[in-house]
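One structure below.
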Amino acid sequence: MKIGRFTQFAFVLAIVALIVGLSACDQIQQVLFPPEPEKPPEMPPEMVAPEIPIGVVVAQTGPFAAAYGLPMLDGFRLASEHINSSGMLGDAKIKLIEKDDQSVSAVGPVNELIGAGISTIVGFAISTQLEGVTQTAQDNEVVLFSSVSSAPVLEGRGNFTFRSGLTSAVLNPPLVMATQAKFGYQTAATIYHEGDTYSTLSDKAFRDALAENGVAVVAMETYQGDATAYTEELTRIMEANPEALFISALGAHIPQIIVEARELMPSVHVFVPELTGIEVTGAGDAAEGVVTSIGWFSMNDNPMNQAFIQSYTATYGEAPVAWAAQSYATLNILAAAIVQAYATTHSIEATAIRDALAHTMDFPTVLGNFSFGADGDGVYAPNILVVENGEFVAFE
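Just so we're aligned: 78 in my numbering is position 75 of the sequence shown, and the numbers increase by one with no gaps anywhere.
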């Protein structure tokens, strides 16, 4: 979806205006827009007054709320505010219809939204939960757009399901290649959450990448989702004497695994995909030196990204984590697809939005230039980061 020049830049200009004032925005506009800029698609007359309802399914309560759901919700809300104030949708406004999956299941919230006539739904941190509603979305022709789910494969998925987060198939191999080249380890162990779709497939992606790089997996351990301690599993790993440990787990479990791994194996290299500041804070000093791969990096000097960080921090009193940034990008991508859907079909029904999303190509976001692959998953460059002094820095 080669969005017109106005559509691509209108949102970033709106953000900049919020932060640095109208005069600075005018100066930037003179640089970005040539004389007689391309006219944006006009929104339909019937959308001048109404709201555009978008369902949001995230964990607002339960164990996944702090690590995923609440940062995601903040990202969606800020994006909605910026989109509505930018005029990107003409006089129409996005209205978020928020539902709590309670860290348990997305089935009830999705069915409730579909029953209310909502045909576009965002959110979905946990791949297992997203997997549970993809067939329902396909059967009802409802767009699901996950900002966080990253399992490489989702059973029952059709062409109405999209994801802006990079999958483990994209994130994990570069993490193995970069760290093995630097540290030269020849043996590794893995631990993952048995029964969780993301963790299971992330572990497989790691083991495949390790095999391709000539690294022997000397131990592989699993744990159950209700576990609060991992000493038995990590002790068996310690006895195998690996040089590196790869952790595939959901956010709430990661800090304790890191802490216990460091206590038992202080010299082992620890690698965790999609690590955020929430887990780093939870693990404390044990997180030092942990290397991760993730789609968003706060130090990316992309002007749109830096404007987002400033606005988010001013709004919520703290810096954003990756899930907030990915959710912010998701709603922006979706809004652009709504505009493009009307420009090409004079419709903003789910099928038109689906087709517009599928053709998204090189769209500027806080994640960088964003495209969808043929499978509806995001395509952009991953970041390899390491924790130093409690902060993420680029892994060299």
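Glycine residues also receive a C-beta, built at the ideal position from the N, C-alpha and C atoms.
In this text, all values refer to a predicted model and were calculated from it rather than measured experimentally.
Let's see if you can read the secondary structure: which residues bound the beta strand (DSSP E) around residue i?
i      : result
Thr234 : Run containing Thr234: none in the beta strand (DSSP E); it sits in the alpha helix (DSSP H), 234-243.
Glu54  : 54-61
Arg166 : 164-166
Ser419 : Because the chain here runs from 4 to 399, residue 419 falls outside it and cannot be looked at.
Asn114 : First-last for Asn114: 110-118, but that is the alpha helix (DSSP H), not the beta strand (DSSP E).
Ala286 : No beta strand (DSSP E) contains Ala286, which is instead part of the alpha helix (DSSP H) from 280-286.
Ala397 : 394-397
Val125 : 123-126
Thr190 : 190-196
Gly65  : Here Gly65 belongs to no beta strand (DSSP E), and DSSP marks it neither H nor E.
Counting along the chain, where does the alpha helix (DSSP H) carrying residue i start and finish?
i      : result
Phe311 : 306-319
Leu92  : Here Leu92 belongs to no alpha helix (DSSP H), and DSSP marks it neither H nor E.
Ala222 : Per DSSP, Ala222 belongs to no alpha helix (DSSP H); it is in the beta strand (DSSP E), 219-226.
Phe186 : 171-186
Tyr331 : 325-348
Thr200 : 200-215
Asn143 : 137-143
Ser149 : Here Ser149 belongs to no alpha helix (DSSP H); instead the beta strand (DSSP E) covers 146-149.
Glu1   : The chain is shown only over 4 to 399; residue 1 falls outside these bounds and no answer can be derived.
Leu404 : As shown, the chain starts at 4 and ends at 399. That puts residue 404 outside it, with no answer to give.
Val262 : 257-267
Leu157 : Segment: none, Leu157 is in no alpha helix (DSSP H) and carries neither H nor E.
Ile351 : First-last for Ile351: undefined, no H or E at that position.
For residue i, which residues in the same chain have their Cβ closer than 7 Å to its Cβ, ignoring the five residues on either side in sequence?
i      : result
Pro245 : Thr190, Ala191, Ala192, Val221, Ala222, Val271
Arg265 : Ala289
Val156 : Leu204
Gln105 : Ala62, Thr64, Gly65
Gly228 : His196, Gly198, Asp199
Ala252 : Tyr195, His196, Ser202, Ile260
Ser108 : Gln132, Gly135
Residue i: which of the options sits nearest, CA to CA?
i      : options                        : result
Thr368 : Lys185, Thr231, Ala82          : Ala82
Lys98  : Ile86, Ala361, Leu133          : Ile86
Leu337 : Thr347, Pro74, Arg357          : Arg357
Asp103 : Gln227, Gly126, Glu291, Thr348 : Gly126
His362 : Gly379, Leu116, Ser350         : Gly379
Phe79  : Asp94, Gly58, Gly371, Pro66    : Gly58
Val390 : Asn335, Arg210, Ile351, Val293 : Val293
Met268 : Thr295, Ala252, Ile240         : Ile240
Val396 : Phe186, Glu215, Gln132, Asn303 : Asn303
Asn335 : Gly90, Gly285, Leu133          : Gly90
Pro53  : Gly65, Leu73, Gly93            : Gly93
Arg210 : Tyr331, Ser106, Val61, Met180  : Met180
Asn143 : Phe163, Val283, Gly135, Gln132 : Phe163
Thr295 : Tyr71, Ser108, Leu178, Ser88   : Leu178
Rounded to the nearest angstrom, how far is the Cβ of residue i from that of residue j, given a contact under 8 Å?
i      : j      : result
Leu204 : Gly381 : At roughly 17 Å, the Cβ-Cβ gap does not stay under 8 Å, so Leu204 and Gly381 are not in contact.
Ile281 : Ala128 : That pair is no contact at about 12 Å.
Glu197 : Tyr233 : Rounded, the Cβ-Cβ distance is 12 Å, inconsistent with contact.
Ile312 : Pro385 : Not a contact, Cβ separation roughly 19 Å.
Tyr188 : Ala230 : Not quite, the Cβ-Cβ distance comes to about 26 Å (not below 8 Å), so this is no contact.
Ile387 : Phe375 : Rounded, the Cβ-Cβ distance is 23 Å, inconsistent with contact.
Ala208 : Pro176 : 7 Å
Ala339 : Phe366 : 6 Å
Met75  : Ser330 : 4 Å
Val262 : Ala286 : 6 Å
Gly161 : Gln132 : Rounded, the Cβ-Cβ distance is 17 Å, inconsistent with contact.
Leu174 : Glu84  : Incorrect: roughly 30 Å between the Cβ atoms, too far for contact.
So is residue i buried or exposed if we call it buried at 16+ other beta carbons inside 10 Å?
i      : result
Thr123 : buried
Glu158 : exposed
Ser167 : buried
Asn114 : exposed
Ala236 : Just to set this straight, residue 236 is Glu in the shown sequence, not Ala. Buried, because 16 or more other Cβ atoms sit within 10 Å of the Cβ of Glu236.
Ser350 : exposed
Ala184 : exposed
Gly468 : In the structure displayed, the chain extends from 4 to 399; residue 468 sits before or after that span and is not available.
Val34  : Note that Val34 scores 30 on pLDDT, short of 50, meaning its location in the model is unreliable; the coordinates nonetheless yield the value given after this. It counts as exposed.
Val151 : buried
Ala212 : buried
Gly393 : exposed
Ala214 : exposed
Thr279 : buried
Phe67  : buried
Ala377 : exposed
Does the ligand NAP have a heavy atom nearer than 6 Å to the CB of residue i?
i      : result
Ile351 : In the structure shown, the ligand NAP is absent, as is every other ligand, since no ligand is present at all.
Counting only the same chain and skipping the five closest in sequence on each side, list residues whose C-beta sits under 6 Å from that of residue i.
i      : result
Ala154 : Ser130, Thr200, Tyr201, Leu204
Ile250 : Ile194, Ile260, Val275
Thr316 : Ala322
Asp77  : Tyr319, Ala327
Tyr383 : Leu370, Gly371, Phe373
Ile55  : Ala95, Ile97
Phe165 : Phe148, Leu360, Gly379
Apart from the five residues just before and just after residue i, which ones in its own chain have a Cβ nearer than 8 Å to its Cβ?
i      : result
Thr139 : Val110, Val113, Asn114, Ile117, Val145
Ala355 : Ala344, Tyr345, Thr347, Thr348
Ile100 : Pro56, Ile57, Gly58, Val59, Leu116, Ala119, Ile121
Determine whether the Cβ of residue i lies closer than 7 Å to any Cβ atom of chain B.
i      : result
Ala325 : Protein chain content of the structure displayed is limited to a single chain, and chain B is not contained in it.
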